[in-house]
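2 protein chains.
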Amino acid sequence: MNRIEPRSGVALKLAKGQKLTVCDPMGQQVSDLVAYNADDVREVISNGRTFDYEETIQLGWGNRLWSNRSNPMLTIVTDTAQRHDFLLTPCCEETFRHFYPDKPVHRGCFGNLAEALEPYGIEPESIPTAFNIFMNVPVDGKSGLLAVKPPTSKPGDKLELRAEMDLVIGLTACSAYDSNGGSFKPIDYEVS
Amino acid sequence: MNRIEPRSGVALKLAKGQKLTVCDPMGQQVSDLVAYNADDVREVISNGRTFDYEETIQLGWGNRLWSNRSNPMLTIVTDTAQRHDFLLTPCCEETFRHFYPDKPVHRGCFGNLAEALEPYGIEPESIPTAFNIFMNVPVDGKSGLLAVKPPTSKPGDKLELRAEMDLVIGLTACSAYDSNGGSFKPIDYEVS
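In order, the protein sequence lines correspond to chains A and B.
The opening position of the first sequence corresponds to residue -8 in this note's numbering, with each subsequent residue numbered one higher.
The opening position of the second sequence corresponds to residue -8 in this note's numbering, with each subsequent residue numbered one higher.
Listed below in structure tokens is the structure:
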């Protein structure tokens, strides 16, 4: 397993058919994931297309994550946590100022992803709503109101994704207070 | 009022402070809206940033629609229908093939938006999840399952949005069967 240190991020290539395992080694830690077609990074993971084709906002085992060009990018083949979010964007300087005005501003998952993805020719504006592994965002179906709650993930929980095309992946150990139950922990990952 | 004919779309400029009124003249008709910063079209409307800052997936009177750079783009100042969607992407050839395999394929809101936005230098890949005015997509908060139901909008229902920056707007009369209660009607709009 490779380790992503707290409040940091990486980018990596994932070939079609390879599997990416994302593990929460200590529990209650979110990992933001974004994905791009390695041959044309204008094709990018899309929460809206995924909600269209999977007909749910709560993705888990068996669901596929789709691109803005209506192609499946990743299939969830293992999911021990069963609680993830695909509604909210990576934390960034502006979200720190907005939600934590009394705390130091951090560049967040957005800044970490932007730096990691730059060598692949991916601009900050091309970072979409992320698939937020282990993030716990209950939605009230009647009012639409949402809340960011501590993750329900336990130490060792993991999500395994199979690549359906050659991909560039961005992956973080999330930097925001509320998303991670108030403390910042590492994320482990492995390509197989 | 200007009219968008059934299953078509337009693009227009909206200056900061101007208001865009979108009216459903016959009822049960969806209109997909996308927005770009007129001075730099890499800044684009974002459902994820909007859900972040507004803390709800059900946007209505008083809510703001935010950009991928964390700036408010539009404020909802009138909302007589009180039911809209910001989860799903514009219908396109692939969604017609997927959901309506026995019906003729249409280029959908996606194709209509792509053509209308091209003169502004906006590529098809830059069309994000749209704000789907009058679209009725109930979500089961427990399971996450969603459904596309007929709009609840009545003839004459309207949504009025105030521009918070100079914008390029894409706007359609939606082309998909389920989203519009099975028939395709016009959408009226006015800039003031």
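Virtual Cβ for every residue (Gly too), placed ideally from N, Cα, C.
For clarity, every value in this text was computed on a predicted model and none was experimentally measured.
| said: For a contact defined as C-beta to C-beta under 7 Å, what are the partners of S144(A) on chain B? | reply: Working through the first sequence from its first residue, we reach residue 144(A) at position 153. Within 7 Å Cβ-Cβ: nothing; S144(A) doesn't reach chain B, min ~17 Å.
| task | Put S22(A) into one of helix, strand or coil per three-state DSSP. | result | Within the first sequence, residue 22(A) is the residue found at index 31, counting from 1. DSSP, reduced to helix, strand and coil, places S22(A) within a strand of the structure shown.
| request: With a threshold of 16 other CB atoms inside 10 Å of the CB of W57(A), please say whether the residue is buried or exposed. | output: Indexing the first sequence from 1 puts residue 57(A) at position 66. Buried: at least 16 other Cβ atoms inside 10 Å.
| said: In whole angstroms, give me the CA-to-CA distance for R76(B) and M156(B). | reply: On the second sequence, residue 76(B) is found 85 positions in, with the first residue counted as 1. On the second sequence, residue 156(B) is found 165 positions in, with the first residue counted as 1. The identity of residue 76(B) in the sequence shown is Asp, whereas the question assumes Arg. If I take the Cα positions, the gap works out to 22 Å.
| message | Is it the case that the segment -5 to 8 of chain A contacts the segment 141 to 154 of chain A, given that we only count it when at least three CB pairs across the two stretches are under 8 Å? | response | yes
| What's the C-alpha gap between G161(B) and S22(B)? | Walking along the second sequence from the start, residue 161(B) turns up at place 170. Walking along the second sequence from the start, residue 22(B) turns up at place 31. So the two alpha carbons sit approximately 10 Å from each other.
| task | Assign H97(A) to one of two classes, buried (16 or more other C-beta atoms within 10 Å of its C-beta) or exposed (fewer than that). | result | As a working mapping, residue 97(A) is identified with position 106 in the first sequence. It counts as buried.
| query | Are E114(B) and G102(B) close, meaning C-beta to C-beta below 9 Å? | reply | As a first step, residue 114(B) is located in the second sequence; it is residue number 123 there, counting from the start. As a first step, residue 102(B) is located in the second sequence; it is residue number 111 there, counting from the start. In this structure, G102(B) does not lie closer than 9 Å to E114(B) by Cβ.
| field | Bridge partner(s) assigned by DSSP for T12(A) | value | To locate residue 12(A), count along the first sequence from 1; it is residue 21. According to DSSP, which records beta bridges pairwise, T12(A) is partnered with E151(A), E181(A).
| said: Taking 9 Å as the threshold (beta carbon to beta carbon), is H89(A) in contact with chain B? | reply: The count along the first sequence starts at 1 and reaches residue 89(A) at position 98. Cβ-Cβ to chain B under 9 Å: yes for H89(A).
| Going by the C-beta, is Q9(B) closer than 8 Å to any heavy atom of the ligand HEM? | Ligands are entirely absent from the displayed structure, and the ligand HEM is therefore not among its contents.
| Taking 9 Å as the CB-CB cut-off, is C83(A) touching chain B? | Position 92 of the first sequence, counting from 1, holds the residue named residue 83(A). Taking Cβ atoms only, chain B reaches closer than 9 Å to C83(A), which makes this a yes.
| message | Taking a contact to mean a Cβ-Cβ separation below 9 Å, would you say L65(B) touches L158(B) in this structure? | response | Taking the second sequence and counting its residues from 1, the one referred to as residue 65(B) is at position 74. Taking the second sequence and counting its residues from 1, the one referred to as residue 158(B) is at position 167. Yes, the Cβ-Cβ distance between L65(B) and L158(B) is below 9 Å.
| request: Report yes or no: do three or more beta-carbon pairs, one from the segment 103 to 123 of chain A and one from the segment 131 to 139 of chain A, lie closer than 8 Å? | output: no
| For N(-7)(A), is the classification buried or exposed, using 16 other Cβ atoms within 10 angstroms of its Cβ as the cut-off for buried? | In the first sequence, residue -7(A) corresponds to position 2, counting from 1. Exposure of N(-7)(A) is indicated by the presence of fewer than 16 other C-beta atoms within 10 angstroms of its C-beta.
| task | Check whether the Cβ atoms of A164(A) and P146(A) lie closer than 9 Å to each other. | result | Taking the first residue of the first sequence as 1, we reach residue 164(A) at position 173. Taking the first residue of the first sequence as 1, we reach residue 146(A) at position 155. No, these two residues do not count as a Cβ contact at 9 Å.
| request: Starting from the C-beta of E(-4)(A), find all residues in its chain whose C-beta is less than 8 Å away, skip the five residues before and the five after it, and write them out in chain order. | output: As a working note, residue -4(A) is residue 5 in the first sequence. Correct list, in chain order: A164, P177.
| request: Go through its chain and collect everything with a Cβ distance to N127(A)'s Cβ below 6 Å, but skip five positions before and after it. | output: If you number the first sequence from 1, residue 127(A) lands on position 136. Closer than 6 Å at Cβ, skipping near neighbours: R74, K140, P142, T143.
| request: Kindly list, in the order they appear in chain B, the residues whose Cβ is closer than 7 Å to that of V130(A). | output: Along the first sequence, read from residue 1 onward, the residue named residue 130(A) stands at position 139. By Cβ distance, chain B contributes I48, V130, G132.
| In chain A, which residues lie less than 8 Å from S166(B) when you measure between Cβ atoms? | Within the second sequence, the letter at position 175 stands for residue 166(B). In chain order: nothing, as chain A lies at least about 14 Å away.
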